[in-house]
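Per our numbering, residue 37 is the first one in the sequence shown, and the count goes up by one each step.
Remarks on the structure that follows.
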Amino acid sequence: MEFFMRMILILGAMILGFTACSNRKTVDPNPVVRDNIIHLSTAIKNVREEMMLSELVDSVSYIPLETNPSCMLGNTQRLTFSPQYIFYSNYCFDWNGRFLFRIGNQGQGACEDIYVHVADIVYLNNHFYGNASKIIEYDDRGKCT
Numbered sequence: 037m038e039f040f041m042r043m044i045l046i047l048g049a050m051i052l053g054f055t056a057c058s059n060r061k062t063v064d065p066n067p068v069v070r071d072n073i074i075h076l077s078t079a080i081k082n083v084r085e086e087m088m089l090s091e092l093v094d095s096v097s098y099i100p101l102e103t104n105p106s107c108m109l110g111n112t113q114r115l116t117f118s119p120q121y122i123f124y125s126n127y128c129f130d131w132n133g134r135f136l137f138r139i140g141n142q143g144q145g146a147c148e149d150i151y152v153h154v155a156d157i158v159y160l161n162n163h164f165y166g167n168a169s170k171i172i173e174y175d176d177r178g179k180c181t
């Protein structure tokens, strides 16, 4: 009988230990409803109806980016935007498509990055930040600070 009681006590302690250590998911009582977001990967897989572009946007603009010997654009797909600038790789353009300057230099020295052409450029508080293999701060003309 003593052996039987010991086994029940050990099994009870083990069950209590397993249930006490389990992960419990908490449910937010006020979940954020984001009904204005279109998830393209899901939408492409589950095409249900046609939608007019005018239902999504007010207007569409085409901005040809300037090309000259200082900014020969290649086959890079790094296109990012800020309210003030358009960034194609590490080239900076205004919203009229005029080339302004390059941001950063390629290399392994100070203020250089070996992957400068694939950096995501962020413009914040009159400074540019490139984050390819390291984060580098640049002034408002694209020069390292």
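Glycine included, each C-beta is placed from N, C-alpha and C at the ideal position.
Taking C-alpha atoms, which residue in the options lies nearest to residue i?
i           : options              : result
residue 101 : 128, 41, 158 and 149 : 128
residue 167 : 132, 43, 133 and 116 : 116
Within its chain, find whatever has a CB closer than 6 angstroms to the CB of residue i; leave out the 5 residues flanking it on each side and keep chain order.
i           : result
residue 141 : 148
Roughly how many whole angstroms lie between the Cα atoms of residue i and residue j?
i           : j           : result
residue 108 : residue 78  : 36 angstroms
residue 94  : residue 106 : 34 angstroms
residue 145 : residue 97  : 40 angstroms
residue 181 : residue 75  : 38 angstroms
residue 172 : residue 162 : 14 angstroms
residue 45  : residue 55  : 15 angstroms
Would residue i and residue j be called neighbours here (beta carbons separated by less than 9 angstroms)?
i           : j           : result
residue 135 : residue 178 : no
residue 159 : residue 124 : no
residue 157 : residue 132 : no
residue 49  : residue 114 : no
Assuming residue i and residue j are in contact, meaning their beta carbons sit under 8 angstroms apart, how far apart are those beta carbons, in whole angstroms?
i           : j           : result
residue 111 : residue 153 : 11 angstroms between Cβ atoms; not a contact.
For residue i, which residues from the same chain have a beta carbon less than 7 angstroms from its beta carbon, with the 5 sequence-adjacent residues on both sides left out?
i           : result
residue 169 : 149, 150 and 151
residue 103 : 109
residue 118 : 159
Among residues of its own chain, excluding the 5 on either side of residue i, which ones have a beta-carbon nearer than 8 angstroms to its beta-carbon?
i           : result
residue 176 : 162, 163 and 164
residue 174 : 139, 140, 163, 164, 165, 166, 180 and 181
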